[in-house]
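Add 4 to the 1-based position in the sequence shown for this note's numbering, that's all there is to it. By construction, the Cβ of each residue, glycine as well, lies at the ideal position given by its N, Cα and C atoms. Structure first, commentary second.
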Amino acid sequence: MAQTVILTGDINLLGVNDPKIPFAQIGPMLKKADLVISNFECCLYEPDEERSIHDEGFYANLASGETLLEGGIGIIGNANNVNFGAMAIRSSCARLDELGIPHAGAGVDRKSAYAPVFVEVDNVKYGFMQRSSVYWSHGGHEATEDHPGIAIVQAHTAYKPLVTETKTLTRPGNPPEIVTWCETSSMQAYQDDLAAARKQCDVLIASNHWGCGHDVLQYMEELGRAAIDAGADVVMGHGPHFPLPVEVYKGKPIFYSLGSFSFHTGHRAQKHPDWIGFMPKLTVENSKVTDARFALVRHNEKNETYFASPANETTELENVYGPSEVYGTKYCIDGDDVVVTL
5 MAQTVILTGD INLLGVNDPK IPFAQIGPML KKADLVISNF ECCLYEPDEE
55 RSIHDEGFYA NLASGETLLE GGIGIIGNAN NVNFGAMAIR SSCARLDELG
105 IPHAGAGVDR KSAYAPVFVE VDNVKYGFMQ RSSVYWSHGG HEATEDHPGI
155 AIVQAHTAYK PLVTETKTLT RPGNPPEIVT WCETSSMQAY QDDLAAARKQ
205 CDVLIASNHW GCGHDVLQYM EELGRAAIDA GADVVMGHGP HFPLPVEVYK
255 GKPIFYSLGS FSFHTGHRAQ KHPDWIGFMP KLTVENSKVT DARFALVRHN
305 EKNETYFASP ANETTELENV YGPSEVYGTK YCIDGDDVVV TL
């Protein structure tokens with residue numbers, strides 16, 4: 005029997021005091037899915053003292069975690085730049101455990117942060133693993149053997165002069181090409197972890213927090229394809245607060261950024277009044293993703309996420325269709341969904 009798996013972008017519960025509000029409109033539909041998997045862009049943590057504005061962590065009150073249950077969220081990924089701080093990560097993981105929501109990507113030590121999670125739905129076993137390439141070099145953000153943190157895949161940045169490529173005048177100050185790539189040993193460890201998880205499940209979802217701006221960077225392509233090569237059936241990317249292109253690699257989808265899903269308050273308590281996100285809906289048959297499509301989501305002034313019609317979002321879709329041409333990705337509209345040809 006076919007199953008439906010929903011993927012979502014960033015869920016950030018800062019400022020949420022009523023857990024019933026964020027998913028009041030779409031919660032019933034989410035709960036009809038066989039499995040919902042989300043990137044959780046905050047920690048469930050109530051510090052004794054107000055934190056410094058220089059700290060990166062997004063801290064939401066413990067009660068707001070009930071929002072995840074209202075949305076039928078079945079798996080959480082919490083390896084990202086705002087899951088920051090040893091006490092915050094301990095608190096958040098403990099609260100997620102209380103709520104009965106499996107989570108991957110952050111933990112009280114390296115073993116728990118890097119471990120995949122598995123959920124069985126009607127005899128189909130799903131595996132999920134999350135890593136972040138966006139993290140802080142200070143404060144012990146990466147999990148170690150005896151310190152809380154997140155699971156990472158390290159990547160690098162270099163700046164390449166474009167004199168030869170542009171066949172132009174050598175002029176000091178010309179902007180360079182920005183080149184990115186994954187640290188070989190870090191990516192190999194990631195692939196090894198995925199391959200091990202692949203042996204323990206029927207369907208494997210790889211989740212990556214990455215990106216900078218509206219471009220799909222080289223290391224993102226490298227990492228997404230490496231995940232598929234290692235056994236992942238789909239890659240869900242997140243980090244930019246807007247959608248990025250979809251690539252179909254070896255018949256399997258790589259969503260480079262899903263954008264936001266429930267995100268009302270961000271850095272410095274600033275409101276995020278207008279965003280759009282992708283919500284992929286995957287059909288799984290005989291342990292294979294046979295259909296991939298996505299709905300569009302926005303939110304209103306009440307912080308309620310709602311579905312947006314593709315007919316009203318032509319500009320936003322063109323911003324994804326155009327950059328997708330390099331991958332040869334084919335899209336078509338089917339009612340309120342956008343279908344990705346596998």
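Point to revise | Own chain partners of G76 with C-beta closer than 6 Å, once the 5 adjacent residues on each side are dropped | key: L34, K35, V40
Review point. From V252 to G228, what distance separates their C-alpha atoms?
Key: 10 Å
Review point. In this structure, what does DSSP give as the bridge partners for A299?
Key: M283
Check your understanding: Does any residue of chain D bring its CB to less than 8 Å from the CB of S291?
Key -> Although the question refers to chain D, the structure presented lacks it and comprises just one protein chain.
Review point. Does the region 247-266 touch the region 327-346, meaning 3 or more C-beta pairs lie closer than 8 Å?
Key: yes
Review point. Nearest-angstrom Cα distance between P120 and Q134?
Key: 8 Å
**Study point:** Element boundaries [beta strand (DSSP E), containing M133]
**Key:** 128-136
Review point. What three-state label does DSSP hand M240 in the structure shown?
Key: strand
Review point. Between A37 and T12, is the Cβ-Cβ spacing less than 8 Å?
Key: no
Check your understanding: Are there 16 or more other CB atoms within 10 angstroms of the CB of A315, so buried, or fewer, so exposed?
Key -> exposed
**Study point:** Assigned secondary structure, I57 (DSSP; H/G/I helix, E/B strand, else coil)
**Key:** With a pLDDT of 46 at I57, under the threshold of 50, the modelled position of this residue cannot be trusted; read the value that follows with caution. It is coil, neither helix nor strand.
Practice item. Quick one: grab the DSSP three-state call for I77. Key: coil
Review point. Looking at N21 and S266, is the spacing between their C-beta atoms short of 8 Å?
Key: no
Exercise for review: Using only alpha-carbon positions, find the residue among A230, S328, G217, E289 that is nearest to D197.
Suggested key: A230
Check your understanding: Is DSSP giving N85 helix, strand or coil here?
Key -> coil
**Study point:** Which listed residue (E70, E146, N43, I30) has its alpha carbon closest to that of H107
**Key:** N43
Exercise for review: Kindly indicate which three-state DSSP category D150 falls into: helix, strand or coil?
Suggested key: coil
Review point. Buried or exposed: which applies to E102, given that a residue is buried once 16 or more other Cβ atoms fall within 10 Å of its Cβ?
Key: exposed
Practice item. Report yes if the C-beta distance between L208 and T184 is below 8 Å; otherwise report no. Key: no
Practice item. Taking all protein chains shown into account, decide if V342 is buried (16 or more other Cβ within 10 angstroms of its Cβ) or exposed. Key: buried
Practice item. Classify A28 as helix, strand or coil using the three-state DSSP reduction. Key: coil
Practice item. Could you round the C-beta distance between S96 and N82 to whole angstroms and report it? I think they count as a contact, below 8 Å. Key: 7 Å
Practice item. Can you grab the Cα-Cα spacing for the pair P26 / T309, in whole Å? Key: 6 Å
Point to revise | Exposure of Q195, with buried meaning 16 or more beta-carbon neighbours within 10 Å | key: buried
Check your understanding: Do you know how far the Cα of N212 is from the Cα of A312?
Key -> 25 Å
Practice item. Could you work out which residue in G61, I30, L300, V330 is closest to T319 when comparing CA atoms only? Key: L300
Exercise for review: Alpha carbon to alpha carbon, how far is G177 from A117? Give it in angstroms, no decimals.
Suggested key: 43 Å
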